[in-house]
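Participant: Using the working numbering, the letters of the sequence shown map in sequence onto residues 1 to 189. Here a beta-carbon is modelled for each residue, glycine too, at the ideal position from N, C-alpha and C.
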Amino acid sequence: MSKGMLVVFSAPSGCGKDTVFKEISKLRDDVVESVSATTRMPREGEVDGVNYFFVTENEFKNMIDSGGLLEFNNYNGCYYGTPVKGINDAVEQGKVCFLIIDVNGAEKIKELYPDCLSIFLLPPSIEELEKRLRVRDSDGEDIIKSRLDIAMVELSYKDKYDYQVVNDDLYECVDNINKILSAELEKRG
Numbered sequence: 001m002s003k004g005m006l007v008v009f010s011a012p013s014g015c016g017k018d019t020v021f022k023e024i025s026k027l028r029d030d031v032v033e034s035v036s037a038t039t040r041m042p043r044e045g046e047v048d049g050v051n052y053f054f055v056t057e058n059e060f061k062n063m064i065d066s067g068g069l070l071e072f073n074n075y076n077g078c079y080y081g082t083p084v085k086g087i088n089d090a091v092e093q094g095k096v097c098f099l100i101i102d103v104n105g106a107e108k109i110k111e112l113y114p115d116c117l118s119i120f121l122l123p124p125s126i127e128e129l130e131k132r133l134r135v136r137d138s139d140g141e142d143i144i145k146s147r148l149d150i151a152m153v154e155l156s157y158k159d160k161y162d163y164q165v166v167n168d169d170l171y172e173c174v175d176n177i178n179k180i181l182s183a184e185l186e187k188r189g
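(1) How is residue 78 classed by DSSP in three states: helix, strand or coil?
(2) Excluding sequence positions up to five away, which residues of its chain have a Cβ less than 7 angstroms from the Cβ of residue 146?
(3) Run through DSSP, which three-state label would residue 118 get?
(4) Determine whether the beta carbon atoms of residue 21 and residue 101 lie at a separation below 9 angstroms.
(5) Assuming the contact rule is C-beta atoms closer than 8 angstroms, residue 121 and residue 167 should be a hit. Round their C-beta distance to whole Å, please.
(6) Helix, strand or coil for residue 71 per DSSP?
(7) Return the chain-ordered ranges of every beta strand (DSSP E) run that is complete within the stretch 100 to 169 and spans a minimum of 3 residues.
(8) For the stretch 24 to 32 and the stretch 135 to 155, state whether three or more C-beta atom pairs, one from each stretch, are separated by less than 8 angstroms.
(9) Could you tell me the alpha carbon to alpha carbon distance between residue 49 and residue 35, rounded to whole angstroms?
(10) Report the three-state DSSP secondary structure of residue 41 (helix, strand or coil).
(11) Given this structure, state the Cα-to-Cα distance separating residue 37 from residue 173, to the nearest angstrom.
(12) How far does the alpha helix (DSSP H) with residue 10 in it reach, from first residue to last?
(13) Can you tell me the Cα-Cα spacing of residue 93 and residue 189, whole angstroms?
(14) Of the residues 143, 85 and 110, which one's Cα is nearest the Cα of residue 63?
(15) Under a Cβ-count criterion, where at least 16 other Cβ atoms within 10 Å of its own Cβ denotes burial, should residue 13 be classed as buried or exposed?
(16) When we look at the beta-carbon of residue 114 and count the other beta-carbons within 10 Å, is it buried (16 or more) or exposed?
(17) Here's the rule I'm using: 16 or more other beta-carbon atoms within 10 Å means buried, otherwise exposed. How should residue 5 be labelled?
(18) So, are the CB atoms of residue 72 and residue 82 less than 9 angstroms apart?
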């Protein structure tokens, strides 16, 4: 069995990270997602242990203290982190393990795993990003403004990634990422 690969996958909120990942995982049976822990409340339809491990702030701090997180960050007032458990096993089992994380977490992961692949998902435009955040209808005006401000900072990190892919047409975006994954796995043999 060939060794898998760790993929750091980042994008501003509203760019479609989760949707793109779901479509890639339908195409490839070697793709798995590292499930992050968060202190934010679940959105409608999200399942604990599948979308995130939803934990209290105290539980999150205990994970930090016990060395259970590779990285963690506070985003928009909520903690997010990457549990250590599972990532190395997935790669050793030949899986393409996606870490869907913000730019700060990505920097830390790239230091710990210098051979990881990094992909930054871009919106077609800032205007389209704002439209997507508003259509989502899960956040108030103050949260949308905050997410857009954070997005501007995150976009300044895009050149630090191995690949940048624009999510304008979902299926074209997924096809491009699928080609990147296949080429990188072939290179790594």
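Facilitator: Per the coordinate set shown:
(1) Along the sequence shown, read from residue 1 onward, the residue named residue 78 stands at position 78. Strand at residue 78.
(2) By 1-based counting over the sequence shown, the position of residue 146 is 146. The beta carbon of residue 146 sits closer than 7 angstroms to those of 76, all from its chain and outside the five residues before and after it, given in chain order.
(3) Taking the first residue of the sequence shown as position 1, residue 118 is located at position 118. Of the three classes helix, strand and coil, the one that applies to residue 118 here is strand, per DSSP.
(4) Indexing the sequence shown from 1 puts residue 21 at position 21. Indexing the sequence shown from 1 puts residue 101 at position 101. The answer is no: Cβ separation not under 9 angstroms.
(5) The residue labelled residue 121 in the question sits at position 121 within the sequence shown. The residue labelled residue 167 in the question sits at position 167 within the sequence shown. Rounded, the Cβ-Cβ distance is 5 angstroms, consistent with contact.
(6) Within the sequence shown, numbered from 1, the residue matching residue 71 stands at position 71. Note: residue 71 maps to strand in three-state DSSP.
(7) Entirely contained in the stretch 100 to 169, the beta strand (DSSP E) runs reaching 3 residues are, in chain order, 117 to 122 and 163 to 166.
(8) Judged by Cβ distances under 8 angstroms, the stretch 24 to 32 makes no contact with the stretch 135 to 155, as fewer than three pairs qualify.
(9) Position 49 of the sequence shown, counted from the start, is the residue given in the question as residue 49. Position 35 of the sequence shown, counted from the start, is the residue given in the question as residue 35. When rounded, the distance between both Cα atoms is 7 angstroms.
(10) For the purposes of this step, residue 41 is identified with residue 41 of the sequence shown, where counting begins at 1. In this structure, residue 41 counts as coil in the three-state DSSP scheme.
(11) Locating residue 37 in the sequence shown gives position 37, where the first residue counts as 1. Locating residue 173 in the sequence shown gives position 173, where the first residue counts as 1. In this structure, the straight-line span from the alpha carbon of residue 37 to that of residue 173 is close to 27 angstroms.
(12) Taking the sequence shown and counting its residues from 1, one reaches residue 10 at position 10. That residue, residue 10, is in no alpha helix (DSSP H); its beta strand (DSSP E) goes 5 to 10.
(13) To locate residue 93, count along the sequence shown from 1; it is residue 93. To locate residue 189, count along the sequence shown from 1; it is residue 189. Taking the straight line joining both Cα atoms gives about 14 angstroms.
(14) As a working mapping, residue 63 is identified with position 63 in the sequence shown. 85 is the residue among 143, 85 and 110 whose C-alpha sits nearest the C-alpha of residue 63.
(15) On the sequence shown, position 13 is the one that residue 13 refers to. Buried, since its Cβ has 16 or more Cβ neighbours within 10 Å.
(16) For the purposes of this step, residue 114 is taken as residue 114 along the sequence shown, with counting starting at 1. It is exposed - the Cβ of residue 114 has fewer than 16 other Cβ atoms within 10 Å.
(17) The sequence position of residue 5 within the sequence shown is 5, counting from 1. With 16 or more other Cβ atoms within 10 Å, it is buried.
(18) Looking up residue 72 in the sequence shown gives position 72. Looking up residue 82 in the sequence shown gives position 82. In this structure, residue 72 sits near residue 82, with a CB-CB distance shorter than 9 angstroms.
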